[in-house]
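Peer 1: Starting off with a structure, shown below.
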Amino acid sequence: MTLNPMRPLTQPLTKKAPYRAWAEVDLGAVGANLKALQKLFGHQTKIMAVVKANGYGLGAVPIARTALEAGASSLAVSSCEEGVTLRQAGLPGQILVMGYVPPEGAEAAAEAGLTVTVNDATLVQALAQATRRIRWRNTPLPVQLKLETGLHRSGLEPPEALALARLIAASPGLTLQGLYTHFATGDEADPGFVYEQMRRFDATRDLLLAQGFRFAQEHLANSASAINLPSSRRRIVRVGLSLLGYYPSEQSRLDGLQLEPCLTLKSRVARLSGLEPGEGVGYNLTFKAEAPKELALVPVGYADGYRRNLSNKGEVLIGGKRARVLGRVMMDQFVVDVTDHPPLAERDEVVLIGRQGTAEVTLEEVATTCDTITWEVLTGLGSRIRRVYTNAGALLYEEE
């Protein structure tokens, strides 16, 4: 059998395909959250806005731009690729890459003027060589060292930090801009180990200072510790989840700090139907009706980040009232019980996370039901969910 190649288009496609689910991201809330955090920390403490993992799933470029406009001093990402994306979008200033950068990424990092976290000599040498090849760069490329203080992930032990600091000092194209670490228990009520990590950080920093090294930046605190523990703030704090309006722990819900959740996750009723006693719903018929039921089909599934362990447990909002998931959450859809709802129609709005009228399904509730954390729910939102950016309910633009 011979397959005919697809005919080339004779004219461009002009009709935009509709989307079945969308995430409304209130950039006004993001800006307000940054200002509320800045007020809490005081203006002597600078805020580094963390927008890794595509801005925790909500769009790195819009979140980063909003944070800078609201007063953030710098940005942080996990990968070189993420940093280059921000730079290509025209975002200025410091962009710290906190995660692993392979040596072959050195030239891209140097060209984009990213601040790279270095943890071995090979990367330092690759960055130094890259700065020599990029003729237009007339200022040293800043790098930072992440110190091991207890998380045992990618940090440097004191002898390693000292050796790399010496290598950086011997590399004309590089400058040691700062030191930082990350807390293992910053979101816990007991700050004991946070204090221990601070002590270890200070010991390594003092070792470097005693050897004549100087650096303009040091930062330890993430959202949770920055909010809960003023002594952890130092010159800079890194905020990510709290920038989006979510508290990283119950201890973070301070009376003087009011954060505004920026996400409302929405879809529409795709179909209304009924269920008779004894009939089941979905794969494996894990729900069977004991009485007549009215059902609504929601065209969102685990491929979109609405997790399968919300099966028979999750709740959404339709018509300002809660509706429970019946049966399995499937790859592309799930079914909810609307038996006790007022009359509904196909295409009625469904809120999966956020407010509808006076009712609310919080991100924290969804995470708890899934036995996971808010970060995982946010970053798990799939590419089929359209990101739509608003300010106080008014549409600004949609993602490209």
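For the sequence shown, this note's numbering assigns the number 391 to the last residue and increments by one with no breaks. Think of the CB as a built atom: it goes at the ideal place given N, C-alpha and C, for glycine as much as any other residue.
(1) In terms of residue numbering, what span does the beta strand (DSSP E) encompassing Q403 cover?
(2) A215 to W13, Cα distance in whole Å?
(3) Thinking L308 and V342 are a contact (beta carbons under 8 angstroms), I'd like their distance in whole angstroms, please.
(4) Among D331, E281, L254, R229, which residue has its Cα nearest to the Cα of L25?
(5) Could you work out which residue in A358, T195, L250 is closest to G236 when comparing CA atoms only?
(6) CA-CA distance, W366 and E102?
(7) Between V327 and L317, how many whole angstroms is the CB-CB distance? I'm expecting something under 8 angstroms.
(8) Give the straight-line distance between the Cα atoms of I344 and A350, rounded to the nearest whole angstrom.
(9) Would you check if the distance between the CB atom of C361 and the CB atom of V368 is smaller than 8 angstroms?
(10) Mind reading off the beta-carbon distance from P131 to T166? Whole number of angstroms is fine, and I expect it under 8 angstroms.
(11) My assumption, with CB atoms under 8 angstroms, is that L234 sits in contact with A40. Please give the rounded CB distance.
(12) What residue does the beta strand (DSSP E) around Q168 start on, and which one ends it?
(13) Please report how far the alpha carbon of A154 lies from the alpha carbon of G169, in whole angstroms.
(14) Within 8 angstroms, do at least three Cβ pairs link the segment 103 to 122 to the segment 77 to 90?
(15) At what residues does the beta strand (DSSP E) containing A67 begin and finish?
(16) On the three-pair Cβ rule with 8 angstroms, is the segment 136 to 144 touching the segment 173 to 193?
(17) Got a sec, what are the start and stop residues for the beta strand (DSSP E) G265 sits in?
(18) Round the Cβ separation of R299 and R319 to the nearest angstrom and send it over; I've been treating them as touching at under 8 angstroms.
(19) Which complete beta strand (DSSP E) runs does the segment 186 to 265 hold, if anything under 3 residues is left out?
(20) What's the C-alpha gap between D323 and D295?
(21) Name the DSSP beta bridge partners of G271, please?
(22) Identify, in the order they occur along the chain, each residue of the same chain with its Cβ nearer than 6 angstroms to the Cβ of T330, setting aside the five sequence neighbours on each side.
(23) Using CA atoms only, rank isn't needed, just tell me which of Q202, R375, A280, L28 is closest to Y293.
(24) Which two residues bound the contiguous alpha helix (DSSP H) that contains Y47?
(25) Taking the alpha carbon of G231 as the reference point, which residue from N219, I54, A121 has its own alpha carbon closest?
(26) Report the residue from I125, A156, E390 whose alpha carbon sits nearest the alpha carbon of V379.
(27) On the CB-based measure, 16 or more other CB atoms within 10 Å of its CB, does L200 come out buried or exposed?
(28) Any idea what DSSP makes of R313, helix, strand or coil?
(29) So V185 packs on S223, CB below 8 angstroms; how close in whole Å?
(30) Hey, how far is the Cα of V75 from the Cα of A99?
(31) Any idea what DSSP makes of G122, helix, strand or coil?
(32) Which residues mark the beginning and the end of the beta strand (DSSP E) in which E15 is found?
(33) Taking Cβ positions, are S243 and P290 nearer each other than 8 angstroms?
(34) Since R78 is in the beta strand (DSSP E), which residue starts that stretch and which ends it?
Peer 2: The relevant details are as follows:
(1) Since the first residue of the chain shown is -8 and the last is 391, residue 403 is not available in this structure.
(2) Your numbering for residue 215 matches position 224 in the sequence shown. Your numbering for residue 13 matches position 22 in the sequence shown. Distance between the alpha carbons of A215 and W13: 29 angstroms.
(3) To locate residue 308, count along the sequence shown from 1; it is residue 317. To locate residue 342, count along the sequence shown from 1; it is residue 351. Their Cβ separation, rounded to whole angstroms, is 4 angstroms, which keeps L308 and V342 in contact under 8 angstroms.
(4) Translated into positions along the sequence shown, residue 25 becomes position 34. L25 has its Cα closest to that of R229, out of D331, E281, L254, R229.
(5) Here residue 236 is taken as the residue at index 245 of the sequence shown, counted from 1. With distances taken between Cα atoms, G236 lies closest to L250.
(6) One-based indexing of the sequence shown puts residue 366 at position 375. One-based indexing of the sequence shown puts residue 102 at position 111. Looking at the two C-alpha atoms, the distance is approximately 31 angstroms.
(7) Taking the sequence shown and counting its residues from 1, one reaches residue 327 at position 336. Taking the sequence shown and counting its residues from 1, one reaches residue 317 at position 326. Indeed, because the Cβ distance is near 6 angstroms, the residues count as touching under 8 angstroms.
(8) Taking the sequence shown and counting its residues from 1, the one referred to as residue 344 is at position 353. Taking the sequence shown and counting its residues from 1, the one referred to as residue 350 is at position 359. C-alpha separation (whole angstroms): 11 angstroms.
(9) Indexing the sequence shown from 1 puts residue 361 at position 370. Indexing the sequence shown from 1 puts residue 368 at position 377. In this structure, V368 lies closer than 8 angstroms to C361 by Cβ.
(10) Numbered from its first residue, the sequence shown carries residue 131 at position 140. Numbered from its first residue, the sequence shown carries residue 166 at position 175. Yes, they are in contact, since the Cβ atoms of P131 and T166 sit about 4 angstroms apart, within 8 angstroms.
(11) For this step, residue 234 is matched to residue 243 along the sequence shown. For this step, residue 40 is matched to residue 49 along the sequence shown. L234 to A40, Cβ: 6 angstroms. Contact.
(12) By one-based count along the sequence shown, residue 168 stands at place 177. Its beta strand (DSSP E) spans residues 165 to 171.
(13) The residue labelled residue 154 in the question sits at position 163 within the sequence shown. The residue labelled residue 169 in the question sits at position 178 within the sequence shown. Taking the straight line from one Cα to the other gives about 15 angstroms.
(14) yes
(15) For the purposes of this step, residue 67 is taken as residue 76 along the sequence shown, with counting starting at 1. 65 to 68 is the span of the beta strand (DSSP E), which, as asked, contains A67.
(16) yes
(17) Within the sequence shown, residue 265 is the residue found at index 274, counting from 1. It spans 262 to 266 - the beta strand (DSSP E) in which G265 sits, taken as one unbroken run.
(18) Looking up residue 299 in the sequence shown gives position 308. Looking up residue 319 in the sequence shown gives position 328. At roughly 7 angstroms, the Cβ-Cβ gap stays under 8 angstroms, so R299 and R319 are in contact.
(19) 208 to 210, 227 to 230, 254 to 259
(20) Position 332 of the sequence shown, counted from the first residue, corresponds to residue 323. Position 304 of the sequence shown, counted from the first residue, corresponds to residue 295. Going by the C-alpha atoms only, they are around 7 angstroms apart.
(21) Here residue 271 is taken as the residue at index 280 of the sequence shown, counted from 1. Note: G271 sits in a beta bridge opposite K279.
(22) One-based indexing of the sequence shown puts residue 330 at position 339. Excluding residues within five positions, the ones whose Cβ falls inside 6 angstroms are K284, E285.
(23) In the sequence shown, the residue the question calls residue 293 occupies position 302. For the residues Q202, R375, A280, L28, the minimum Cα distance to Y293 belongs to R375.
(24) Position 56 of the sequence shown holds residue 47. Y47 -> alpha helix (DSSP H) spans 43 to 47.
(25) Here the question's residue 231 lines up with position 240 in the sequence shown. The candidate whose alpha carbon is nearest that of G231 is I54.
(26) Walking along the sequence shown from the start, residue 379 turns up at place 388. When each option's Cα is compared against that of V379, the closest is E390.
(27) By 1-based counting over the sequence shown, the position of residue 200 is 209. The residue in question, L200, is exposed, as its Cβ has fewer than 16 Cβ neighbours within 10 Å.
(28) The sequence position of residue 313 within the sequence shown is 322, counting from 1. Three-state result, R313: strand.
(29) The count along the sequence shown starts at 1 and reaches residue 185 at position 194. The count along the sequence shown starts at 1 and reaches residue 223 at position 232. The Cβ separation is near 6 angstroms, so the contact holds.
(30) Here residue 75 refers to the residue found at position 84 when the sequence shown is read from its first residue. Here residue 99 refers to the residue found at position 108 when the sequence shown is read from its first residue. Using only the alpha carbons, I get a separation of about 8 angstroms.
(31) Taking the first residue of the sequence shown as 1, we reach residue 122 at position 131. This sequence places Thr at residue 122; Gly is not what is there. Of the three classes helix, strand and coil, the one that applies to T122 here is helix, per DSSP.
(32) Translated into the one-based positions of the sequence shown, residue 15 becomes position 24. Counting along the chain, the beta strand (DSSP E) containing E15 begins and ends at 12 to 17.
(33) Residue numbering aside, residue 243 sits at position 252 when the sequence shown is read from its first letter. Residue numbering aside, residue 290 sits at position 299 when the sequence shown is read from its first letter. No; because the gap between Cβ atoms is not below 8 angstroms, this pair is not in contact.
(34) Counting from one through the sequence shown, the residue named residue 78 turns up at place 87. No beta strand (DSSP E) holds R78; the alpha helix (DSSP H) holding it covers 71 to 79.
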